[in-house]
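Here's the structure we're looking at; comments come further down.
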Amino acid sequence: MEGGGLAHRTFTQKKKTLKSQKRPEKGLEKKNEKPAGHPLADAARDSQVKRDFQHRKRRGPTPLPKEDIKVILRPHKGLTVKNLFGSELSMAVIEAGRKSFGGESFLLRVHPGLNIIILSTPHEQVAGRLREINQLKIRGRIHPFNAYVADPEDVLRGIVHGLPPGTTQADLMANLRIRTQGVKIERARMLGSSKSAIITFTGDVLPRCVYFMGAEAICYPYKPTVQVCMICRSTGHRTDVCPTPNANVCSKCGTCDPTQEHECALNYAICGEEHATGDKSCEKKLKNVAPRKSRVETPRRQTECTYAEKDFPQFEQHQQKPPRWFSSDREEATL
């Protein structure tokens, strides 16, 4: 017993010794700590706060009302909307609408990545006024804009090529026809200054073709792609609406302020691989669009039913004769 107690005391003493070695001496921590007004302490605290802020996940803006009508205003070349105040834009919108509505009738949001203005309103009359805006007066200058109504989520969109550039939405809606039953054309607009138009349908099937002024045109499924500007090589906007049209960037390799003798290697602005920007074989040029939510079918209620053997009709079973094997062809021929 004495030996066991001695061993136990020795183990306890060793444990206490290890704890005392790991624990700093009293007053040592306070001695190493810097006072609150010390510059090193303030710098350490500021750096820690900065690291915490960087690691903190930034929350996005509140979603706009889902039932509202969304009108998009896209500026022409030379205007960056993210450099303007929201109040300036809203006042310019009210002025362009001839003061037929006020700021309580719509919500304005700037999308800096796409360089567009999103206007959300529940009123159809206000949406019609916003759709007619083609210029805004900002800081004493007139800036042209393209206005169109964004498509809702539960629609089908197709693209048609070979239409006259500059065709207005009114002309498109007046001259477009389809023959597919159960499908209706909701709206149509041209893609910038191109010869292609995006048509929005409501229904279950995308029409195979449409008719513009009687001429048949094939309607392809619209697949949104990542827009790349060939002037500044930035994503989010097209070349014809670049906010920095005077940017000096090589359209092939992306070199800023290139010289005539610079080494130019193909570099895609989206994926960074060695092929030309806009190559159709690049898979990353398509946007990551979330799939449509399919209707959730409720499982059918299963009822337990017990059936007896007598409930089923009895069929006569024809017994087949077992196959007969013959020892020779002659014996088989005699049958």
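At position 105 of the sequence shown (counting the first as 1) the number is 109 in the numbering used here, and the numbers step up by one without a gap.
Glycine included, every Cβ here is placed at the ideal spot set by N, Cα and C.
All values reported here derive from a predicted model rather than from experimental measurement.
Are residue i and residue j touching if we call contact CB-CB under 7 Å?
| i | j | result |
| --- | --- | --- |
| K228 | S197 | Checking the displayed sequence, the identity of residue 228 turns out to be Pro instead of Lys. No, the pair does not count as a contact, with Cβ atoms beyond the cut-off. |
| K256 | C246 | no |
| I163 | Y224 | yes |
With distance defined between alpha-carbon atoms, name the residue in the options nearest to residue i.
| i | options | result |
| --- | --- | --- |
| P69 | S109, G186 and V97 | S109 |
| R183 | V159, R212 and D175 | R212 |
| L93 | G82, K81 and L77 | L77 |
| R161 | I137, L176 and E190 | E190 |
| A151 | V97, L111 and N138 | N138 |
| D155 | N250, R63 and T206 | T206 |
| E136 | G144, R143, P148 and S91 | P148 |
| G82 | R63, S91 and H241 | H241 |
| V159 | L210, E265, A100 and G101 | L210 |
| L167 | M194, G144, I142 and E157 | M194 |
| E71 | G107, G258 and E157 | E157 |
| S91 | T84, R63, R102 and I142 | I142 |
What separation, rounded to the nearest whole angstrom, lies between the Cα atoms of residue i and residue j?
| i | j | result |
| --- | --- | --- |
| T204 | S104 | 29 Å |
| G218 | N179 | 8 Å |
| C275 | V187 | 38 Å |
| T243 | V232 | 7 Å |
| H115 | I121 | 6 Å |
| S298 | F89 | Caution applies to S298, whose pLDDT of 37 falls short of 50 and renders its modelled position unreliable; the model cannot decide the point. |
| M234 | H165 | 22 Å |
| P126 | L270 | 47 Å |
| L176 | I98 | 28 Å |
| M95 | D208 | 41 Å |
| L32 | T21 | Note on L32: pLDDT 47, under 50, position unreliable in the model; the coordinate value appears next. L32 and T21: Cα-Cα distance of roughly 18 Å. |
| A131 | I222 | 31 Å |
| R296 | A192 | Because the pLDDT at R296 is just 45, under 50, the model does not fix this residue reliably, and the value given afterwards should be weighed accordingly. Distance between the alpha carbons of R296 and A192 is about 22 Å. |
| K86 | Q185 | 44 Å |
| G172 | H80 | The residue asked about is misnamed: residue 172 is Thr in this sequence, not Gly. C-alpha separation (whole angstroms): 17 Å. |
| E128 | Q264 | 54 Å |
| G107 | A100 | 13 Å |
| A251 | T84 | 13 Å |
| K199 | H266 | 35 Å |
| P262 | E220 | 46 Å |
| Q17 | R63 | 54 Å |
| G144 | R102 | 17 Å |
| G258 | A174 | 39 Å |
Check the C-beta distance from residue i over to residue j and give it rounded, since I have them as a contact under 8 Å.
| i | j | result |
| --- | --- | --- |
| V230 | T239 | 6 Å |
| I73 | V153 | 6 Å |
| R181 | Y215 | 4 Å |
| S124 | L111 | 4 Å |
| C236 | T248 | 5 Å |
| V75 | L134 | 4 Å |
| R113 | P67 | That pair is no contact at about 10 Å. |
**OP:** Let me know the alpha helix (DSSP H) ranges lying completely inside the stretch 101 to 168, each 4 residues or longer, listed in chain order.
**Re:** 128 to 135
Original post:
In chain order, which continuous runs of the beta strand (DSSP E) of length 3 or greater are located wholly inside the stretch 189 to 266?
Top reply: 201 to 206, 213 to 216 and 219 to 222
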